[in-house]
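Engineer: I'd like to ask you about the structure that follows.
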Amino acid sequence: MKLFLDSADTDSVISRFKTGLISGVTTNPTLIFKSGEHPQDVYWDLIKAGIKDVSMEVVGDNEEDLFARAMGHVKTYGEHATIKVPCSVDGLRVCKRLSDLNVRVNVTLIFSASQAILASLAGATYISPFIGRMDDNSLDGMKLINDIKNVGVSAKILAASIRDPQSVSTAFALGADICTVPIGVFDKMYKHVLTDKGIEQFNKDAS
Ligand code: E4P
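Residue numbers -13 to 193, in the numbering used here, belong to the letters of the sequence shown in order.
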């Protein structure tokens, strides 16, 4: 069971990473765009802070484009780079080529068990089912986690597109190996009204 942060807001990520509870970071082009930073700056800031597993998404018009960009990241960031490719034909071909070179690959945008099977057969280290986006579209994200777990894929199930703390515990209970969570969800995982009330009472009684 591992927690990743799903964010390109480097200051926020680094402060939470210092808790020692975070094992990696996932980014995507939208998160990087929202951060207002260049992708290279985001990746280097995370790596320099000691984060050993950073998912870096590649985009491209075809397999060769994707592969060339992926290899650029591998050359620049070495073992810190996990290459994120979409679950498309080109993406899966690139996944197979990279995994044959022992490069970690995160196959993203997974919405069915059959996609998870293909990504796993292509040698993906991680497969990322998007729970929240399924639920947003009246599909059942948690059922997908359960289905993938029941198939018995060799890739690690990295539950993504998580919107709330309850989804984290449900995803782990259904067999996710890793949950990648936005900063806000991570912060909420600490919180319980009864914990706050208990601390307040104990502090009062101790003084
Ligand atoms: C996963 O790797 C993605 O970056 C992310 O979880 C997508 O989440 P969203 O559906 O909230 O954009």
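Cβ atoms here follow ideal geometry from the backbone N, Cα and C, with glycine treated the same way. The structure displayed is predicted, hence computed values, not measured ones.
Thinking I18 and A(-6) are a contact (beta carbons under 8 angstroms), I'd like their distance in whole angstroms, please.
Structural biologist: Here residue 18 is taken as the residue at index 32 of the sequence shown, counted from 1. Here residue -6 is taken as the residue at index 8 of the sequence shown, counted from 1. Confirmed, Cβ separation roughly 5 angstroms.
Engineer: Given 6 angstroms as the limit, tell me if S147 has its C-beta closer than that to any heavy atom belonging to the ligand E4P.
Structural biologist: As a position in the sequence shown, residue 147 is number 161, starting the count at 1. For the ligand E4P, at least one heavy atom lies less than 6 angstroms from the Cβ of S147.
Engineer: Sorry if obvious, but does the Cβ on N14 come closer than 6 angstroms to a heavy atom of the ligand E4P?
Structural biologist: Here residue 14 refers to the residue found at position 28 when the sequence shown is read from its first residue. Yes, since a heavy atom of the ligand E4P falls inside the 6 angstroms radius drawn around the Cβ of N14.
Engineer: Does the distance between the C-beta of G118 and the nearest non-hydrogen atom of the ligand E4P fall short of 6 angstroms?
Structural biologist: In the sequence shown, residue 118 corresponds to position 132, counting from 1. Yes, Cβ of G118 sits closer than 6 angstroms to a heavy atom of the ligand E4P.
Engineer: Please report the distance separating the alpha-carbon of S163 from that of K174.
Structural biologist: Stepping through the sequence shown from its first residue, residue 163 is reached at position 177. Stepping through the sequence shown from its first residue, residue 174 is reached at position 188. The sequence given here places Asp at residue 163; Ser does not occur at that position. Going from the Cα of D163 to the Cα of K174 covers about 20 angstroms.
Engineer: What I want to know is whether the C-beta of D39 ends up closer than 6 angstroms to one or more non-hydrogen atoms of the ligand E4P.
Structural biologist: Reading the sequence shown from its first residue, position 53 is the one you call residue 39. Because no heavy atom of the ligand E4P lies under 6 angstroms away, the Cβ of D39 does not count as near it: no.
Engineer: Classify A146 as helix, strand or coil using the three-state DSSP reduction.
Structural biologist: Taking the sequence shown and counting its residues from 1, one reaches residue 146 at position 160. A146 falls in the strand class under three-state DSSP.
Engineer: Assign D65 to one of two classes, buried (16 or more other C-beta atoms within 10 Å of its C-beta) or exposed (fewer than that).
Structural biologist: Indexing the sequence shown from 1 puts residue 65 at position 79. According to the sequence shown, residue 65 is Glu rather than Asp. It counts as exposed.
Engineer: Can you tell me where the beta strand (DSSP E) with E186 in it begins and where it stops?
Structural biologist: Here residue 186 corresponds to residue number 200 of the sequence shown, with the count starting at 1. It is not in any beta strand (DSSP E) - E186 instead sits in the alpha helix (DSSP H) that spans V179 to A192.
Engineer: Along the chain, where does the alpha helix (DSSP H) containing D173 start, and where does it finish?
Structural biologist: By one-based count along the sequence shown, residue 173 stands at place 187. Taken as a continuous stretch (DSSP letters only), the alpha helix (DSSP H) holding D173 covers I169 to M175.
Engineer: Going by Cα to Cα distance, which pick from V89, V75 and G22 is closest to L95?
Structural biologist: In the sequence shown, the residue the question calls residue 95 occupies position 109. If we check each option's Cα against that of L95, V75 comes out closest.
Engineer: Heavy atom of the ligand E4P less than 6 angstroms from the Cβ of D86, yes or no?
Structural biologist: Sequence index remark: in the sequence shown, residue 86 carries index 100 (1-based). No, the ligand E4P has no heavy atom inside 6 angstroms of this Cβ.
Engineer: Report the three-state DSSP secondary structure of M42 (helix, strand or coil).
Structural biologist: Working through the sequence shown from its first residue, we reach residue 42 at position 56. Of the three classes helix, strand and coil, the one that applies to M42 here is strand, per DSSP.
Engineer: If we count the other Cβ atoms within 10 Å of its Cβ and call it buried at 16 or more, is K10 buried or exposed?
Structural biologist: Translated into the one-based positions of the sequence shown, residue 10 becomes position 24. First, the residue type needs correcting, since residue 10 is Gly and not Lys in the sequence shown. G10 should be labelled buried.
Engineer: Is S9 helix, strand or coil when you go by DSSP?
Structural biologist: Within the sequence shown, the letter at position 23 stands for residue 9. Looking at S9 - three-state DSSP - the assignment turns out to be coil, as it is neither helix nor strand.
Engineer: Along the chain, where does the beta strand (DSSP E) that runs through F97 open and close?
Structural biologist: Position 111 of the sequence shown, counting from 1, holds the residue named residue 97. Neither: F97 is in no beta strand (DSSP E) and is coded neither H nor E.
Engineer: For the pair the region 177 to 187 and the region 136 to 147, tell me if three or more CB-CB distances fall below 8 angstroms.
Structural biologist: Counting Cβ pairs under 8 angstroms, fewer than three are found: no touch.
Engineer: Which stretch, first to last residue, makes up the alpha helix (DSSP H) that contains F19?
Structural biologist: The count along the sequence shown starts at 1 and reaches residue 19 at position 33. Element bounds for F19: P15 to S21.
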